[in-house]
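> Under the working numbering, the first residue of the sequence shown carries the number 2, and numbering increases by one thereafter.
Backbone N, C-alpha and C define an ideal beta-carbon position, used for all residues, glycine too.
From a predicted model like this one, the values you see are computed outputs, not experimental measurements.
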Amino acid sequence: MGNYKIDLRSEEEQKVEAERQLQYIDEIREQVSEISENLGRPLYSCVVTFGCQMNARDSEKLRGIFASAGFLDTSNEDDADFVIYNTCTVRDNADQHVYGRLGHLNSVKRKKPGMVIGLCGCMMQEKHIVEKIRKSYSFVDLIFGTHNLYEFPELLLRVIREKKRVIEIMEATPYLPESLPTERKYAFKSGVNIMYGCNNFCTYCIVPYVRGREISRKPIDIIRECEKLAADGVREIMLLGQNVNSYGKTLDEKISFAELLEMVCRVDGIDRIRFMTSHPKDLSDELISVMARNPKVCRHMHLPVQSGSDRILKNMNRHYDREHYIELVRKLREAMPDISLTTDIIVGFPGETEEDFLDTLSLVREVGFDSAFTFIYSKRTGTPAAKMENQVPDDIVHERFDRLLAEVKVSAEKMCARFEGQVMDVLVEEKNKQPGLVTGRIGHNLVVHLTGDESMIGKIVPVRLVACKGFYYIGEPA
Ligand code: SAH
Ligand code: SF4
Ligand code: F3S
Numbered sequence: 002m003g004n005y006k007i008d009l010r011s012e013e014e015q016k017v018e019a020e021r022q023l024q025y026i027d028e029i030r031e032q033v034s035e036i037s038e039n040l041g042r043p044l045y046s047c048v049v050t051f052g053c054q055m056n057a058r059d060s061e062k063l064r065g066i067f068a069s070a071g072f073l074d075t076s077n078e079d080d081a082d083f084v085i086y087n088t089c090t091v092r093d094n095a096d097q098h099v100y101g102r103l104g105h106l107n108s109v110k111r112k113k114p115g116m117v118i119g120l121c122g123c124m125m126q127e128k129h130i131v132e133k134i135r136k137s138y139s140f141v142d143l144i145f146g147t148h149n150l151y152e153f154p155e156l157l158l159r160v161i162r163e164k165k166r167v168i169e170i171m172e173a174t175p176y177l178p179e180s181l182p183t184e185r186k187y188a189f190k191s192g193v194n195i196m197y198g199c200n201n202f203c204t205y206c207i208v209p210y211v212r213g214r215e216i217s218r219k220p221i222d223i224i225r226e227c228e229k230l231a232a233d234g235v236r237e238i239m240l241l242g243q244n245v246n247s248y249g250k251t252l253d254e255k256i257s258f259a260e261l262l263e264m265v266c267r268v269d270g271i272d273r274i275r276f277m278t279s280h281p282k283d284l285s286d287e288l289i290s291v292m293a294r295n296p297k298v299c300r301h302m303h304l305p306v307q308s309g310s311d312r313i314l315k316n317m318n319r320h321y322d323r324e325h326y327i328e329l330v331r332k333l334r335e336a337m338p339d340i341s342l343t344t345d346i347i348v349g350f351p352g353e354t355e356e357d358f359l360d361t362l363s364l365v366r367e368v369g370f371d372s373a374f375t376f377i378y379s380k381r382t383g384t385p386a387a388k389m390e391n392q393v394p395d396d397i398v399h400e401r402f403d404r405l406l407a408e409v410k411v412s413a414e415k416m417c418a419r420f421e422g423q424v425m426d427v428l429v430e431e432k433n434k435q436p437g438l439v440t441g442r443i444g445h446n447l448v449v450h451l452t453g454d455e456s457m458i459g460k461i462v463p464v465r466l467v468a469c470k471g472f473y474y475i476g477e478p479a
């Protein structure tokens, strides 16, 4: 890992490449208008996100490029002329989800031969998957990897012009896709990548293999992007990275995540700042104190623990133990007593015994999480854990998983209820399915349904949290 060469080009070369890609967008636009004229209707594109927030942010780039090239966006893939699946491969069920949907898309394409189907994202960085698609999914027209996102305009133009299959997969990132147009899902909130890749190599995890080595963006570029977003009406920003707490370590001029966070707090117009994900091994006291003294930083920390057993944590290569995690929770709550804590937990890691599992259950009880994402361990080809002995039988894993869910539910319901009756600021995000209601979130990330209308979307309003309904609140504007 230490001597792995990050093949990132110089800033000047990055600029030149970005210009080149923007020119391709102009060329696609000409093609699109020609095709549209012949068809007598506009061309529709559809981008489907399968993965995490970073995957979603990449999808916003894909949508931005489609929009600048003259496509109209649709969320219904059956209506689209161009469909891109932005895949995830963190667990096997993510892969299966993609294969299932591809089967459906194939039947749609049979009736619409002109349809173009593309696959990108993390699954495409796995050789055996690309081989399978190459051989058995001949209706897929375009395949590109996570490191090729910057050249999507060029690839798109090639598919349109050459009318034959295009496959481009790189092993590392030469150019970042920063200067490409973006089409945000929400007008009022946005993710901002602060780093790419991951260097942690948790033994169960495929991400370092499919996303490559950790690269931090320069603070100046991040701040400029936040300022631009603020000028464009964004109120809430989520700083994104697989392990934001190690931000800055690969930069020539050293800077910590805490320092970056404090800089982002100074951007006028941004009222709420979130970040994802924090790794417990790198969570610093400095970060806790920056959070505590900056009210713009949301009182919410997503801190994946993965397991409550020291033995399992060690085999997972997580570089912390149960005691360290509990100590972090203590410090966070000491500095911000009402902070909301959420986590990720894996059940059935190889060699997990009943005793190890009981350690996880007792940790959940001891910490008291606001919510927890619980996952059944999924064997990922190429990771060290896939080769470990003592893979836990399915029936035992499922039984443990159900017990964990029950424990999480007890803890979450208790935690969620703690704000009942209080007035808190809610950022209204969308209309509720029920007429006369809108839905938003408090800084602590809890969902609130309240009386209101569309005009409130994107605004931060004080709301009385009238009743807690387990995992969400019913509120009234205060
Ligand atoms: N970088 C983040 C997590 C990214 S993946 C972090 O380190 O916290 C999101 C979550 O998926 C992980 O926290 C983990 O709980 C889960 N996960 C990752 N690989 C998995 C696997 N092979 N099986 C089951 N869950 C997994
Ligand atoms: Fe995966 Fe660990 Fe990196 Fe998170 S920190 S992405 S779990 S290797
Ligand atoms: Fe999935 Fe890739 Fe994110 S594997 S979780 S989409 S980084």
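(1) Please determine whether the Cβ atom of A387 lies at a distance below 7 Å from any heavy atom of the ligand F3S.
(2) To the nearest angstrom, report how far apart V429 and I458 are at their CA atoms.
(3) Please report the residue range of the beta strand (DSSP E) in which N87 lies.
(4) Return the CA-CA distance between D82 and V99, expressed in angstroms with no decimal places.
(5) Return helix, strand or coil for P175, following the three-state DSSP convention.
(6) When the Cα atoms are used, what is the spatial distance from M317 to F376?
(7) I'd like to confirm the pairing. Which residues does DSSP put opposite A373 in its beta bridges?
(8) Considering only residues of the region 426 to 469, which uninterrupted beta strand (DSSP E) runs meet the minimum length of 3 residues and lie entirely inside it, listed in chain order?
(9) Got a sec? Which residues, its chain only, sit under 6 Å from S217 by beta carbon, not counting five neighbours each side?
(10) Does the beta carbon of Q24 fall short of 7 Å from some heavy atom of the ligand SF4?
(11) Residue range of the alpha helix (DSSP H) that L362 falls in?
(12) With contact counted as at least three CB pairs below 8 Å, one residue from each stretch, are the region 173 to 184 and the region 230 to 240 in contact?
(13) Please return the same chain residues whose Cβ sits closer than 7 Å to the Cβ of F258, not counting the five positions on each side in sequence.
(14) According to DSSP, simplified to helix, strand and coil, what is L73?
(15) Mapping the DSSP letters down to three states, classify E254 as helix, strand or coil.
(16) What did DSSP end up calling R1 once you bin it into helix, strand or coil?
(17) Below 8 Å between beta carbons: does that hold for C89 and C47?
(18) Suppose the cutoff is 8 Å on Cβ atoms and the five residues either side in sequence are ignored; what does the same chain contact list for S69 look like?
(19) Buried or exposed for R42, please, with buried defined as at least 16 other CB atoms from any protein chain shown within 10 angstroms of its CB.
(20) Return the chain-ordered list of same chain residues with a C-beta closer than 6 Å to the C-beta of Q423, the five sequence neighbours on each side being excluded.
(21) Are there 16 or more other CB atoms within 10 angstroms of the CB of Y5, so buried, or fewer, so exposed?
(22) Go through the residues and name those whose CB comes closer than 6 Å to any heavy atom of the ligand SF4, in chain order.
(23) Cβ-heavy atom distance between T183 and the ligand SAH below 7 Å?
(24) With a threshold of 8 Å, are at least 3 pairs of Cβ atoms found where one atom belongs to the region 375 to 389 and the other to the region 349 to 357?
(25) Measuring only the C-alpha atoms, how far is G213 from V268?
(26) For K165, count neighbouring C-beta atoms within 10 Å of its own C-beta (all shown protein chains included) and say buried if the count is 16 or more, exposed if not.
(27) Would you check whether the ligand F3S has a heavy atom nearer than 7 Å to the C-beta of N56?
(28) Using the Cα positions of L143 and D345, report the straight-line distance between them to the nearest angstrom.
(29) Roughly how many angstroms lie between the CA atoms of K110 and L150, to the nearest whole one?
(30) Locate the alpha helix (DSSP H) running through R401, then write down its first and last residues.
(31) Can you give me the Cβ contacts of G3 inside the same chain, cut-off strictly under 8 Å, excluding the 5 residues immediately before and after it?
(32) Let me check you understand the geometry: is the CB of V91 closer than 7 Å to at least one non-hydrogen atom of the ligand SAH?
(33) Within this structure, are the beta carbons of Y176 and E18 separated by less than 8 Å?
(34) Quick one: give me the first and last residue of the beta strand (DSSP E) that N480 is part of.
(35) Do the region 297 to 310 and the region 274 to 284 make contact, defined as three or more Cβ pairs closer than 8 Å?
On the basis of the supplied data:
(1) Not so, every heavy atom of the ligand F3S lies at least 7 Å from the Cβ.
(2) C-alpha separation (whole angstroms): 5 Å.
(3) Taken as a continuous stretch (DSSP letters only), the beta strand (DSSP E) holding N87 covers F83 to T88.
(4) Taking the straight line joining both Cα atoms gives about 19 Å.
(5) Coil at P175, not helix or strand.
(6) Distance between the alpha carbons of M317 and F376 is about 14 Å.
(7) For A373, which the question treats as bridged, DSSP gives the partners T344.
(8) Contiguous beta strand (DSSP E) elements confined to the region 426 to 469 occur at 438 to 443, 448 to 452 and 461 to 469, taking only those with 3 or more residues.
(9) M196, Y248, G249, T251 and L252, listed in sequence order.
(10) Checking the Cβ of Q24 against the ligand SF4 gives no.
(11) Note, L362: alpha helix (DSSP H), E355 to V368.
(12) No, they do not touch.
(13) Same-chain partners within the cutoff: V245, N246, Y248, G249 and L288.
(14) Three-state DSSP puts L73 in a strand.
(15) Here E254 sits in coil by DSSP.
(16) Not covered by the structure: residue 1. The range shown for the chain is 2 to 479.
(17) No, Cβ-Cβ distance for C89 and C47 is not below 8 Å.
(18) Closer than 8 Å at the Cβ level, and outside the excluded window around S69, lie I26, R30 and P182.
(19) The residue is exposed, with fewer than 16 neighbouring Cβ atoms inside 10 Å.
(20) Counting only Cβ-Cβ distances below 6 Å, and skipping sequence neighbours, we find L466.
(21) Legend: pLDDT at Y5 = 45, less than 50; position of this residue unreliable, no value from coordinates given.
(22) Going along the chain, the residues that qualify are C199, N201, F202, C203, C206, V208, P209, Q243, N244 and H280.
(23) Within 7 Å of the C-beta of T183 there is not a single heavy atom belonging to the ligand SAH.
(24) As far as the Cβ criterion goes, the region 375 to 389 touches the region 349 to 357, which means the pair count is three or higher.
(25) Going by the C-alpha atoms only, they are around 30 Å apart.
(26) The residue in question, K165, is exposed, as its Cβ has fewer than 16 Cβ neighbours within 10 Å.
(27) Indeed, a heavy atom of the ligand F3S lies less than 7 Å from the Cβ.
(28) Straight across, the Cα-Cα distance linking L143 with D345 is about 34 Å.
(29) A direct Cα-Cα distance of roughly 25 Å separates K110 from L150.
(30) R401 -> alpha helix (DSSP H) spans D395 to C417.
(31) Low per-residue confidence applies at G3: pLDDT is 39, beneath 50, and the placement is therefore not dependable, though the value from the model is reported in the following sentence. Result list for G3: empty, nothing under 8 Å.
(32) V91: yes, Cβ under 7 Å from the ligand SAH.
(33) Yes. Within cutoff.
(34) In the structure displayed, the chain extends from 2 to 479; residue 480 sits before or after that span and is not available.
(35) As far as the Cβ criterion goes, the region 297 to 310 touches the region 274 to 284, which means the pair count is three or higher.
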